Each structure stands twice: as C-alpha cells, then as structure tokens.
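Right, one structure below, let's go through it.
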Ligand SMILES: Nc1ncnc2c1ncn2[C@@H]1O[C@H](COP(=O)(O)OP(=O)(O)OP(=O)(O)O)[C@@H](O)[C@H]1O
Ligand SMILES: [Mg+2]
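Put into structure tokens, the structure is as follows:
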C-alpha cells in the first residue's frame, strides 16, 4: 500500500522539500475534499459558506463546542495511534473499532466485583483491562500475519466485526444488566470509579490520558532504540533478521501496544462517559481513527491535531442537522471525501518523489 | 531496422548539489559495443539511465542515427529500440519466463494472442547460443539464468541498442562468455549496437570495440579499446598512475580452534524444496574458506541461514556455542557478513545512510544509552565510516538508493567490517566494486583473517577465490562435493565439480 510510505523517518532529516510536501499534501487534500463537499451541500440547496460556518461554530465556536470536540478527540487520538504504531512496522491495521469495543467491555466488567474500593486503583485497573483486551485482539491479527501469512489489513477488519459481534453477544446475554431494558448494557460501574473531570476544562480525564500516550508514543518512536528498531523491522524484515532482530516479536509487540491504545479508548468511553458497556460505544471511532492516522501521516503529535479537527467536525454534526436539516450522514460523507483525497494525495506524492529522483 | 548509431552530446545531470554528469559526450557507433569504465560513483549508471529516459538530463541532447530525440520516459526509449538490462533483476518471480517476456511489451494489446506470441518467442530463443528455459517460473531460476532471461527479453522486445549495466557480476565466467559473446556476434552482424558497463578490464578488452572512461562525472578518455592499454585505462579511471602489485599482508597459517561448525544442516529454499542438504563444514580461526559453485546451488540459502534469516535443521555453532542469529549472539560471538545484493538484503531504503551504518550497534553505547538514542553519536559514527571506507554519497542523510551500486557495497562493508568480527560471511564481496575498491576489500578481508577471524567466502569467481582462500569447498546441488586446499587446487578439477560432474 502506497500510504505506508507515508511513514516519515524523521530523524534521518529528509530533504526540506520532501518534508514540506508531506505537510502540504494532506492540507491540499483537505481543501480539495472541502471543495467537493461544498458542491455536495449545494446540491442539497444549502449555502456552502453557511455550512462551513456552522461546522466551525459547532466544533470550535463556544466553550460548550470545545468540550464536545475535546471529549471526542480523546478516543480519536488513541485509535489514531492504534493505526500509526503498526504502520511504523509496515503494517496496515484498520480494525480499531473491534479493539475499542472489547476494551470498553473489559473495562466495564473488570471492576464489578469490587464495589466500594478506592477509586484510583480501580480506574487504573479499568484502563489496564481495556488495554489488555484491545492488545490481545490486535495481537491476534499480527500473530496470524507472522505465523500464517494472513494479510493483517483484512484479518484486522474481519476480527473487528467478530469483536463487535462478541460485544453484542455478551452485553445482550451473559453480562447484561437485567435492568437495562431498551438498551442492553452491562451492570453500571460504581459511580465513584468514573474518571474525574479535568479541572477548569470541563472535559474528562481521559483526554489527559490520551494526550500523555500520544506524547509517549512520539518520544518512544523518535528518540529511543525501540522506535529505531521498529523502523528497521518496518523497512525490511529480511534486513531486520540479518541484524538479529526478532521480527515476529517486534511486529506482534508493536501491534499489541497499538491494540492496547484502542482498548484504552474504549475503556475511557466507559469509565468517563457511558458508565456501562453498551452499543453507544460502537459509533465508528475505530474507523475515524484510520482517517486520523493517515491524515497525520502516522505522526503521533500530528495525530493530536488531526483528532481535534475530526472531533470538531463530528461535534458539529448535530448542529448541522438541527439548523439545516442536512441528513445525519453528512459528516460521514465529508470524512469519506477527505479520506479519498488523502489517499489520492499519497499516490501523487509517491509519483512526485519518484519524479524528483529523475 | 539495423544497428543504430547513437550520440550523446554534452550531457549534464545534477542531483541537488551533486554533479553526477559533467558535460559528457559519447558516440556509440553503429554495430559496435561501447564500454563504459569508471570508479564507483563515477556516473556510469546515471549516464545510461539518461539514455533510457529514466533520468532527465539537465543539459545535453541525444541523437539516434543523426536525428535528435527527447526521451521523457522509458517508453520513448522503447519506441526508439533502446533497452537496458539493469544490475538488479526486473522479472516477475511468480510468472514463467515466457509470460514475463510477453507481458513486458510496452504496448500490450488488450487481448494477448498467446499462441502467436509464443511462436515469435520461440524464434528469438532458437537462435540463442545458450539455453533459457521458457516454461519455468522465474523464482526457480539461478541468478545466471535470470540474467540471460533479462537479455533475451530485450532481444524479444526488438531492441536495437542494448545497454548492459554490470551484467556479468552474477554470472560465472563461462556464462558471461556465452552472453557477451552473443551480444558481440549480434553487433558484428550489424543487428545491434550495445553499451557495456563493467569493472572487469578483460571483459572490456574482449567484447568491446570502443571505450569511454568516466571520472567524477566527466568523460576523461575515449577511444578504440585496441589503442588503450589496461594501465592507461586504470590511470584514466583513478586520475593517477596505478601503483603496481598491491601487497596482501602475508598469510599466517590458520590456528587450530574451530570458529564455525555446521553439522548436517539442511535448509529449504523459497520454493519449499531442499536447497542445502545435510551440509557439514568447519572454519578455523584465522582461516579463509572459499565456497565455489555455480550460483543457485544453495549458496544463497546457506548464507541466509548463517545470518539467521532462514529456518534450518541441523546444528550451527560458533566458537563452540550454538548459534541461531539472535542479536545478542551476533554481538557476543562476532558474526557479521555481507550478503549478495546488499541494497536489498543488507540496507533499508527508507532509512538514511547514517542510520543504515548503525544497524549493527544502534542499541549499544555510545549510540544508545538506556533506551535513548544518541543521534549525535550516530551521525558521528557515520561520518567516520564514510571517510574511512571512502563511501561517496550525496550526504549522510541521503537515502541508500541515492548511492551508486558500488558505494552501497562499500557502506555495508564499512558497517560489517568495523564490528568486532570473529566470523565473517561474505557473499561476492567485490560484486560491483571498481578495481581499487576490490583490492581494498581483499586487503580488509585478509586483515580480518590475520586478526584471527574465521572467514567464509562465497564467490562464483574462481580466480578471486584462489587468490584469497586457504581452502576451497565446492558446492553443487546443495552439498559440498569437493574439498581441496588452495595450494593444491586445480582449476579444471574444481570446474568439473562445479558443473556437477562426479569426476573420478
Ligand atoms: N537518485 C539520486 N539522488 C542523488 N544522488 C544520486 C542519485 N543517483 C545517483 N546519485 C549520485 O550520482 C553519482 C553517480 O552515480 P552512478 O550510480 O551513476 O555511479 P556509477 O558510475 O554507476 O557507480 P557504480 O560503479 O558504483 O555503480 C554518485 O555520486 C551518486 O551518489
Ligand atoms: Mg552503477
């Protein structure tokens, strides 16, 4: 897949023009997608400028909008990392949704037996359980790839569907709280275990966790021997073996960590927003994460910025619906357009890079 | 259409600040073989890549039979009947040779009439003085067969100017003779003109009519081969008189302790069939053991196994310790090496030259403290190695694919030979090196040996082996079929064993 070459080996100090290109192209892609989107809403008889105005207003126009945006950005950052980390090792994994919901489920049930304990260790336990579940789910795709030669992109997507099915099966069966009538859910977690609000921001502490993990990912990938080794493995498994790196372990390890990120995202949604594991977890964060990572060119810090952008767009969707009666899926259309444009831009970048060699 | 006359005029090509070609002019007369000589990084490949439309020169023009042409892409070159055999293979491994050839046409019709195509193909191959199996998958071919297939492909495509970029590095001398002899006879018959890039003087002398020497991107000498002596050519290449008789350090007798021991090792090839069969061998401290053999007889798999890249059965021990190629074992036991096709097998294109030079020790001090990388130290090490091994590169941050073929080789040698080497495994270590670098590499290998390292040297070039090794093992069909000490070696006997004959 051409987009994998979008992984930047930054410390190698690419020539300036190439670095500029890698920033300019996604920006161009978003602009192009915006133009097409403008035409699309015009077809619905709406003034595109009004629409864009509302998107900005709904995403970033008020402190309430910001709160909504930020609390959406928290999971988006994590699922973005879940795509970006394996990309360093040369894998295209797109099954974040499955790892997210299973992580959420694990987080929701792990503390149920322990009512009335101290909150902090329970909160850590929830996130850890989420990470473990997500990591194992992603790890499965990596194991299948390394030992059975199964393409990880396809297997992770299929595993994602299986994960969602398991989620439904358990939340509607074994783990269902009989009191949850119209919306099958697990038993609610002890309210005192819910993640606190960040003081002064009005957003739950999950955002801080996401930011911290993004920064850690950035530092590890860029400044440690683990990041270096991962790039060797991603650059060429043959050469990695030659220099003695245990390729299977690296790939599976990186994928496990990535799945852990998605699992934490699910656990945060449960521990900060939902209070239970229920179908509200399945809103497509995992898939939006793919867009976030590709648009950010798999750079952890850029993922934070892009997650804010996409989070803002998603936050504005209800405003668009209310004010302009645009269909529910309008924002999905916009996201889809951006994704297509990013992929095209990647292909063009590849072409340009080859041409400049000449 | 008969053999064209092709003229390159005042070609200049820059890569950033790097002047790869400096006002080079070249005349390829109709029906001749024109050789290009020059040090690694002199600009030979760049020049011919301009001729096939792969690079666009900044300046200069190209005339074919007196008419000027602009080559914007390899398609334009194809239309003019210009084609190139690259140093690396370009055939699709999962298809048969015949399929590869037929689909390689630049203007493939929507519907392929296989019958008529195969007939045309048979006509091309009928005339060949060597055999190329058409119905075999490319992945099953040996390096020599692949190279022949690449050349057949060019002829099948009706090329009238054939460019060969170091075509013989993967061929045995006999194969090289078949291939180049055929090209030569076609040019003699006026059907073809050819450009031959080679580092081997004897090939230039034997198969080329004219020769041009490039140095640092400029054409410094050109003329009929017959009028130029080897010394004159060498001097033109390096820009100073060649100092004769490079002295190897005297050989010390090997010590008695065994460094590498392989016992009944069997390895499967990529096709799942056994490639190395029940092979046992030993290399002692301070000894160079050469493995001779026609490529494709299991040497590749043997090397990859020793480098820990393949699963195997049987035991491999280094200095008495079982060896599986983990990073810790490699560092502790000092196992390093040079695989063939180093750009693909020993370098990571996505990483910079400096990072590639650090692949062996990026996780140790001083490049790494705890888990934190020290990129300053990494750059410093790279600068040192580049200087010491005279690697010519556009810069330390350049990608490996911006280095010329020979300089990639030097970079890998620099990385591997500067470790604490106890066992060195080298596969065609002078592949693509100019003669100065060749000598230098030999010297370093002998130095490593005299420093107590055990060396396993795999080469298809028997002369190279005989000049260097203490003992020769001949490998054929995955087994060691013959062993002889270098002093008592008879080339003809070895040749027979290489060819798979069980000589008495
Ligand atoms: N894509 C590129 N980008 C930057 N520099 C390049 C690129 N390709 C080649 N060069 C530089 O141009 C010079 C000439 O390279 P070229 O490959 O033509 O050498 P060569 O004569 O074929 O050498 P060798 O015998 O080693 O194959 C080298 O210094 C090389 O580093
Ligand atoms: Mg070259």
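Residue numbers (the working numbering), protein chains in the order written: chain Z, 69 to 426; chain Y, 18 to 521.
Note that CB positions come from ideal geometry on N, CA and C, so glycine has one too.
Computed from a predicted structure; not experimentally measured.
Taking one beta carbon from each stretch, the segment 271 to 287 of chain Y and the segment 332 to 340 of chain Y have 3 or more pairs nearer than 8 angstroms; the two touch. DSSP, reduced to helix, strand and coil, places residue 177/Y outside both helices and strands of the structure shown, so it counts as coil. Annotated three-state conformation of residue 445/Y is coil, per DSSP. Judged by pairs of C-beta atoms under 8 angstroms, the segment 374 to 394 of chain Y touches the segment 287 to 295 of chain Z, as three or more such pairs exist.
Bridge pairing for residue 192/Y: absent [DSSP]. Checking the DSSP bridge columns, you'll see residue 132/Y has no partner listed.
If you check the CB distance, residue 236/Y and residue 47/Y do not come in under 8 angstroms. Excluding residues up to 5 positions away in sequence, 328, 331, 332 lie with their Cβ nearer than 6 angstroms to the Cβ of residue 199/Z in the same chain. Distance between residue 136/Y and residue 188/Y, taken at the CA atoms: about 28 angstroms. For residue 241/Y, the enclosing beta strand (DSSP E) starts and ends at 235 to 241.
Against chain Y, the CB of residue 307/Z has a partner CB under 8 angstroms away; the residue lies at that interface. Among the residues facing chain Y, residue 160/Z is not included, as its CB has no counterpart in that chain under 8 angstroms away. Listed in chain order, the alpha helix (DSSP H) runs fully inside the segment 322 to 387 of chain Z are 353 to 363, 368 to 383, counting runs of at least 4 residues. The beta-carbon of residue 326/Y is placed less than 8 angstroms from the nearest beta-carbon of chain Z. Assigned with DSSP and collapsed to three states, residue 182/Y falls in strand. For residue 292/Y, no Cβ of chain Z is located within less than 8 angstroms of the residue's own Cβ.
In the DSSP annotation of this structure, the continuous segment of the beta strand (DSSP E) that includes residue 331/Y starts and ends at 330 to 335. Per DSSP, the continuous beta strand (DSSP E) segment holding residue 32/Y begins and ends at 23 to 32.
If you draw a straight line from the Cα of residue 171/Y to the Cα of residue 309/Z, it is about 35 angstroms long.
Fewer than three pairs of CB atoms, one per stretch, sit closer than 8 angstroms, so the segment 60 to 71 of chain Y makes no contact with the segment 142 to 151 of chain Y.
Under the three-state reduction of DSSP output, residue 85/Y falls in the strand class.
Taking 8 angstroms as the threshold, the shortest C-beta distance from residue 406/Y to chain Z does not fall below it. The beta carbon of residue 499/Y lies closer than 6 angstroms to those of 491, 514 in the same chain, with the five residues before and after it left out. What residue 420/Z touches in chain Y, judged by beta-carbon distance under 9 angstroms, is nothing: the nearest beta carbon there is about 14 angstroms away. In the three-state DSSP reduction, residue 273/Z falls in the coil class, being neither helix nor strand. Neighbours of residue 376/Y in chain Z, taken as residues at a C-beta separation under 8 angstroms, are given in chain order as 300, 307, 311.
Counting along the chain, the unbroken beta strand (DSSP E) around residue 229/Y starts and ends at 227 to 232.
Annotation for residue 135/Z: the continuous alpha helix (DSSP H) segment containing it runs 131 to 156. The CB of residue 314/Z comes closer than 9 angstroms to the CB of 343, 344 in chain Y, given here in chain order. Residue pairing by DSSP leaves residue 407/Y without any beta bridge partner.
When rounded, the separation of the alpha-carbon atoms in residue 134/Z and residue 324/Z is 32 angstroms. Proximity of the beta carbon of residue 76/Y to ligand 2 is not indicated: no heavy atom of the ligand is located closer than 7 angstroms. If you draw a straight line from the Cα of residue 320/Z to the Cα of residue 221/Z, it is about 14 angstroms long. Within the same chain, no residue comes within 8 angstroms of residue 243/Y by CB-CB distance, once the 5 residues on both sides are set aside. With the criterion set as a beta carbon lying under 8 angstroms from some beta carbon of chain Z, the segment 446 to 472 of chain Y has no members that meet it.
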